[in-house]
Amino acid sequence: MERKREINLFTHKYILTPGPTEMPRELLLSILKDVTNPDLDPQFYDFYHGIFQKLARIFESWNHRALILLGEGMLGLESSVVNMLNRGEKGLVFSNGFFGDGFSDLIEMTDRKAIKCRWNEREAIPPEEAIEAISRNNEASAVYMVHCETPTGILNPIDKIGPAISETGKLFIVDAVSSMFTLPIKAEEWGIDILIGGSQKALNLPPGLTILLISNNAWRRALSVEPNSFYLSFKVWEGFLENKESMPPYTLSMNLLRALDDSLANILREGEDTVYSRHLKIREASWSAAIALGLEPFPKKIEDSCPGVTAILMPEGISSIEAANWIYNNYGVMLGIGLGNFRDRILRIGHMGFTASIDYIILTYTALGNYLVSKGIASKTDISEALEAIFRILNG
């Protein structure tokens, strides 16, 4: 007897995880462009530095050096530890979530010492408390902080904390992997010494590139620190950054760099302010739809939430893992789940880069609404109200 085949009623898989994100066709084609050997191509230096110019324009970081390293964003986090702190030295970590705690782990793993300041996971770090903590911990030479805690969707006020850190002479290191390109970040004005980004979030590229913007103070510090690593070291890049005739310290991926250059060009072509406004609109629409379905966003206030991700605290007894699997199997929409203690409690909707758009958000809440209907905790009317809320925000 012939086995009955299952029918998929969707012809496309929609990736709405908060990284890695879906790649638009044009960036897939960018990766397939003909490339040369970057170690030998005389035009590579100018191409690489052209990417720096685009980054400087977007982040107002004209006096920062830029490094684009071959590796996932975690490479940037670890390198920011071993290049800013010698073994035995102390780093002050401000945390209210999974990746903030991860900074402490990286510091301890590399034989440095972490001073941990911890806040409520559902609220942004209060600037006044952070500033007071800085004054209490003079022995720390650097402060580490996450801008957007992707697992919980919390956005921290680095613009209010950074200038206070600069006044103390401490270095300020920011994990902006999931906030970069979703909202304005002013590296110099906010006193950021190392701004860390990655390719797999709002740039809509595969994992594989780490973006670092490094202030002059941080660069001088890196030249005096022993990182105990070649691949993580900033110092090994000095010759290539300063001398057009030098080779990079290791072979880079021209395919990924071409796609990065095209992705940055897309942002500049659309206009940075327009890109940021689009992300804020989609965030507001997503929150409104979630609330219309009777769901609770994890951050207590929308102002304290990331523009690129909506983290939803699922109702008691409802598994976010089950929800994500059901939605993917029935609609082809891939959503994220929580991490750490909230792995099966939080459902995450990524709206980053080109997926911060009306079509993706409508499909997502249609799928999520129907899952809730299947569990008996929402109605078709609730789905209609959620979609109406989206249109009301986006058309308003």
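Whatever position you read off the sequence shown (first residue = 1), add 254 for this note's numbering. Ideal Cβ placement from N, Cα and C applies to all residues, glycine included.
Worksheet entry | Delimiting residues of the alpha helix (DSSP H) encompassing residue 428 | Run containing residue 428: none in the alpha helix (DSSP H); it sits in the beta strand (DSSP E), 425-429.
Fill in: Close beta carbons around residue 494, own chain, < 7 Å, minus the five adjacent residues each side
500, 501, 502 and 503
Item to complete: Pick helix, strand or coil for residue 347, following the three-state DSSP scheme.
Response: strand
Worksheet item: Would you say residue 351 and residue 386 are within 7 Å of each other, going by their C-beta atoms?
Response: no
Practice prompt. Report yes if the CB atom of residue 561 is closer than 7 Å to the CB atom of residue 532, and no otherwise.
Written response: no
Worksheet item: Can you tell me whether residue 296 is buried or exposed, with buried defined as 16 or more other CB within 10 angstroms of its CB?
Response: exposed
Discussion item. Here's the rule: buried if 16 or more other CB atoms are within 10 angstroms of the residue's CB, otherwise exposed. What is residue 326?
Written reply: With 16 or more Cβ atoms within 10 Å of its Cβ, residue 326 is classed as buried.
Discussion item. What does the alpha-carbon distance come out to for the pair residue 519 and residue 492?
Written reply: 26 Å
Worksheet item: Since residue 587 and residue 544 are thought to touch, with beta carbons under 8 Å apart, how far apart are those beta carbons, to the nearest angstrom?
Response: Going by Cβ atoms, the distance from residue 587 to residue 544 rounds to 15 Å, so no, they are not a contact pair.
Practice prompt. Report yes if the C-beta distance between residue 619 and residue 580 is below 7 Å; otherwise report no.
Written response: no
Item to complete: Give the secondary structure of residue 433 by DSSP, where H, G and I count as helix, E and B as strand, and everything else as coil.
Response: coil
Fill in: C-alpha distance - residue 644 paired with residue 634, whole-angstrom precision
16 Å
Discussion item. For residue 552 and residue 376, which I take to be in contact (beta-carbon distance under 8 Å), what is that distance rounded to the nearest angstrom?
Written reply: 6 Å
Worksheet item: What span of residues does the beta strand (DSSP E) with residue 532 cover, start to end?
Response: First-last for residue 532: 526-546, but that is the alpha helix (DSSP H), not the beta strand (DSSP E).
Fill in: Length-filtered (3 minimum) beta strand (DSSP E) runs lying within the segment 270-297
none
Worksheet entry | Cα-Cα separation, residue 469 to residue 319 | Between residue 469 and residue 319, the C-alpha separation is close to 6 Å.
Fill in: Straight-line Cα distance separating residue 446 from residue 379
Roughly 17 Å between the two C-alpha positions.
Worksheet item: Can you give, in chain order, each stretch of the beta strand (DSSP E) that sits fully within the segment 560-635 and has at least 3 residues?
Response: 563-567, 587-591 and 600-604
Fill in: Cβ-based burial, residue 510 [other Cβ within 10 Å; buried from 16]
buried
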